[in-house]
Amino acid sequence: MTTYRILHVTGSPFNDFYYGLSYRNAQCNLNMAPYVPLLQNFVIAVVTVDGQWRFPSTLNEKDFDAAKPMPLAEAIQLITAQKIDLVMPHMYCIHGMTHYRALFDMLKIPYMGNTAEIMSIAVHKDKTKAIVAAAGVKVPFGEILRHGDVPTIPPPAIVKPTCCDNSLGMSLVEDASGYDTALTKAFEQADKVIVETFIPPGREVRCGIIVKDGQLIALPIEEYAIDPHERPVRTHVEKFPELDANGKFLGWPKDWGTRYWIVDSNDPVTQKVQDVAKKCHVALGCRHYSAFDFRIDPSGEPWFIEAGLYCSFDGGGGIPYMAKASGISLDELVATMIKETLNSKG
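Now the structure itself:
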């Protein structure tokens, strides 16, 4: 079997939260290496919050501390000497999803996942919504606000920054008196904010798309636990409750696995969501894989929430979880993604 030298790029120059989130996801991926032969030949690169690079042999604390910090120019020299076949990116901050991917374009090293250009669109929710809406996908009616603007959409409404994932800075406003607090919270994260009509539950689901031999495969859809009264939206606190005193991400709650499940393939919503997810993938120009979140209104119609154009190959939730439900093992998924990556032309 052919083996490939994979560079795992993790960390964040942005802040402790994104650094910890990225580091933890990379650890989970590397923990699978003993069980997935194609993942066993690797190099690790960690970008720290000060922008320095380290190349530890593992991500345990001792090996990380022993690794020499170095500037970008020196890191590039080391990377180019390693004869890397492809990069597996694990960075989730805006710079990590855009600038650092573009770096590997310049180095002519292929990387798994969507291009820096596509990621630069997907990190801006307003641009993403406009593109998928133009493709005929239903999106909640919304407006873009800047500091000093007054919302015109009557509650209930969702207020969120245009450029944050994981519900960071997001609020559900149920009464007009709640707008001031919600806008303040959102503007702490970004200079532009989306206010959009709240799509009542219903349900909330995610659909993953993978590309195999150039063909789109819609995976079984994943549903998230929400409750019309107790938990009508999935908040940042619910998704990421385990942080240290500095806001560094530490891990997931023990009951994380009970908060999502695979929807029965015979459920009427499955085919609808899969068809719409394919539309989103094509409209945005995605490659290799993609994932999209939707609200399902009480009449059973899917409404686009956002794109999640990243993947953690740790065998847990997300695309590997959905792939497993369709009979695709982690080995097969990784092999498919490597093949698509090496065959990509941009």
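Throughout the sequence shown, residue numbering follows UniProt numbering, covering 1 to 346 in sequence.
Note that beta-carbon positions come from the ideal geometry of N, C-alpha and C, so glycine has one too.
Given the structure is predicted, the values throughout are model-derived calculations rather than measurements.
Legend entry - Close Cβ partners of Ala-218 (< 7 Å) along its chain, the five nearest in sequence each way excluded: Closer than 7 Å at the Cβ level, and outside the excluded window around Ala-218, lie Cys-207, Ile-209, Gln-274, Ala-277, Lys-278.
Legend entry - Status (buried if at least 16 other CB within 10 Å, exposed otherwise) for Asn-343: By the 10 Å Cβ count, Asn-343 comes out exposed.
Inset, instruction - Please specify which runs of the alpha helix (DSSP H), each continuous and at least 4 residues long, are wholly inside the region 42 to 86, giving them in chain order. - result: Runs of the alpha helix (DSSP H) spanning 4 or more residues and lying entirely within the region 42 to 86 occur at 61 to 66, 72 to 81, in chain order.
Inset, instruction - Use the C-beta contact count for Leu-72: other C-beta atoms within 10 angstroms, 16 or more gives buried, fewer gives exposed. - result: By the neighbour-count rule (16 or more Cβ atoms within 10 Å), Leu-72 is not buried but exposed.
Inset, instruction - For the region 256 to 340, list the beta strand (DSSP E) runs that are entirely contained and at least 3 residues long, ordered along the chain. - result: Within the region 256 to 340, the complete beta strand (DSSP E) runs of at least 3 residues are 260 to 262, 289 to 296, 302 to 307.
Inset, instruction - Specify, as a first and last residue, the run of the beta strand (DSSP E) that Gly-11 falls within. - result: If you look at Gly-11, you'll find it in the beta strand (DSSP E) that goes 6 to 11.
Legend entry - Inter-residue Cα distance where the pair is Val-139 and Phe-198: Take the alpha-carbon of Val-139 and the one of Phe-198: they are about 11 Å apart.
Inset, instruction - Output the distance between the C-alpha atoms of Ser-312 and Asn-25, rounded to the nearest integer angstrom. - result: Ser-312 and Asn-25: Cα-Cα distance of roughly 7 Å.
Legend entry - Cβ-based burial, residue 349 [other Cβ within 10 Å; buried from 16]: This structure cannot speak to residue 349, because the chain is shown only from 1 to 346.
Inset, instruction - Tell whether a beta-carbon distance below 9 Å holds between residue 360 and Leu-7. - result: What is shown of the chain runs 1 to 346, which leaves residue 360 out entirely.
Inset, instruction - Going by DSSP, name the residue or residues bridged to Asn-145. - result: Looking at the sequence shown, residue 145 is not Asn but Leu. DSSP lists Val-193 as the beta-bridge partner residues of Leu-145.
Inset, instruction - Report the rounded CA-to-CA distance for Val-46 versus Phe-55, giving the unit in angstroms. - result: Using only the alpha carbons, I get a separation of about 6 Å.
Inset, instruction - To the nearest angstrom, report how far apart Pro-34 and Thr-10 are at their CA atoms. - result: Spanning the alpha carbons of Pro-34 and Thr-10 requires a straight line of approximately 19 Å.
Inset, instruction - Starting from the C-beta of Ala-283, find all residues in its chain whose C-beta is less than 6 Å away, skip the five residues before and the five after it, and write them out in chain order. - result: Only Ile-131, Val-132, Ala-135 meet the Cβ criterion.
Legend entry - Where Ile-131 falls: helix, strand or coil (DSSP): It is helical.
Legend entry - Exposure label - His-229; buried when at least 16 CB within 10 Å: Taking all protein chains in view, the Cβ of His-229 is surrounded by fewer than 16 other Cβ atoms within 10 Å, so the residue is classified as exposed.
Legend entry - Under 9 Å between C-beta atoms of Lys-125 and Glu-306: Contact flag set, yes.
Legend entry - Leu-172, DSSP secondary structure in three states: It is a strand residue.
Legend entry - Residue span of the beta strand (DSSP E) that contains residue 360, given as start and end: There is no way to answer for residue 360, as the model of the chain reaches only from 1 to 346.
Legend entry - Start-to-end residues for the beta strand (DSSP E) that takes in Lys-212: Following the DSSP letters along the chain, one finds Lys-212 inside the beta strand (DSSP E) bounded by residues 203 to 212.
Legend entry - Which residues DSSP lists as bridging Ala-26, in chain order: Ala-26 is bridged by DSSP to nothing; it lacks a bridge partner.
Legend entry - Boundaries (first-last residue) of the beta strand (DSSP E) holding Pro-216: Reading off the sequence, residue 216 comes out as Leu, not Pro. 215 to 218 is the extent of the beta strand (DSSP E) around Leu-216.
Inset, instruction - Within its chain, find whatever has a CB closer than 8 Å to the CB of Gly-314; leave out the 5 residues flanking it on each side and keep chain order. - result: Inspection of the sequence shows that residue 314 is occupied by Asp rather than by Gly. Its chain contains Asn-25, Cys-28, Asn-29, Asn-31, Met-32, Pro-320 as the residues whose beta carbon lies nearer than 8 Å to that of Asp-314, once the 5 sequence neighbours on both sides are disregarded; these appear in chain order.
Legend entry - Spatial neighbours of Ile-44 in its chain, beta-carbon cut-off 6 Å, leaving aside the 5 residues before and after: By the criterion of a C-beta distance shorter than 6 Å, Ile-44 is surrounded in its chain by His-8, Pro-56, once the five residues flanking it on both sides are discounted.
Legend entry - According to DSSP, residues forming a beta bridge with Met-88: DSSP lists His-8 as the bridge partner or partners of Met-88.
Legend entry - Buried versus exposed call for Lys-68 [16 or more other C-beta atoms within 10 Å across all chains shown]: Exposed, because fewer than 16 other Cβ atoms sit within 10 Å of the Cβ of Lys-68.
Legend entry - Short Cβ contact (9 Å threshold) for Phe-42 with Arg-101: In this structure, Arg-101 does not lie closer than 9 Å to Phe-42 by Cβ.
Legend entry - Phe-294 classed as buried or exposed, judged by whether at least 16 other C-beta atoms fall within 10 angstroms: Only buried fits Phe-294, as 16 or more other CB atoms lie within 10 angstroms of its CB.
Inset, instruction - Determine the direct distance from the alpha carbon of Glu-174 to that of Thr-181, and round the result to whole angstroms. - result: For Thr-181 and Glu-174, the distance between alpha carbons rounds to 12 Å.
Legend entry - Beta-carbon proximity check, Met-70 vs Leu-59, cutoff 9 Å: Their beta carbons are not under 9 Å apart, which means Met-70 does not touch Leu-59 by this criterion.
Inset, instruction - Name, in chain order, the residues that DSSP records as bridge partners for Asp-227. - result: Within the DSSP secondary-structure output, Asp-227 pairs in a beta bridge with Arg-231.
Inset, instruction - Assuming Arg-234 contacts Ser-290 (C-beta within less than 8 Å), just tell me the rounded distance between them. - result: About 19 Å separates the beta carbon of Arg-234 from that of Ser-290, a gap too long to meet the 8 Å contact definition.
Inset, instruction - Starting from Ile-158, follow its DSSP beta bridges and name the residues at the other end. - result: Under DSSP, Ile-158 shares a beta bridge with Leu-172, Glu-196.
Inset, instruction - Tell me where the alpha helix (DSSP H) around Tyr-179 begins and ends. - result: 179 to 187 is the span of the alpha helix (DSSP H), which, as asked, contains Tyr-179.
Inset, instruction - Determine which residues share a DSSP beta bridge with Ser-111 and list them. - result: Residue identity check: residue 111 is Tyr in the sequence provided, not Ser. According to DSSP, Tyr-111 shares a beta bridge with Val-87.
Legend entry - Leu-103 - containing alpha helix (DSSP H), residue span: Looking at the DSSP string, the run of the alpha helix (DSSP H) that includes Leu-103 is 99 to 106.
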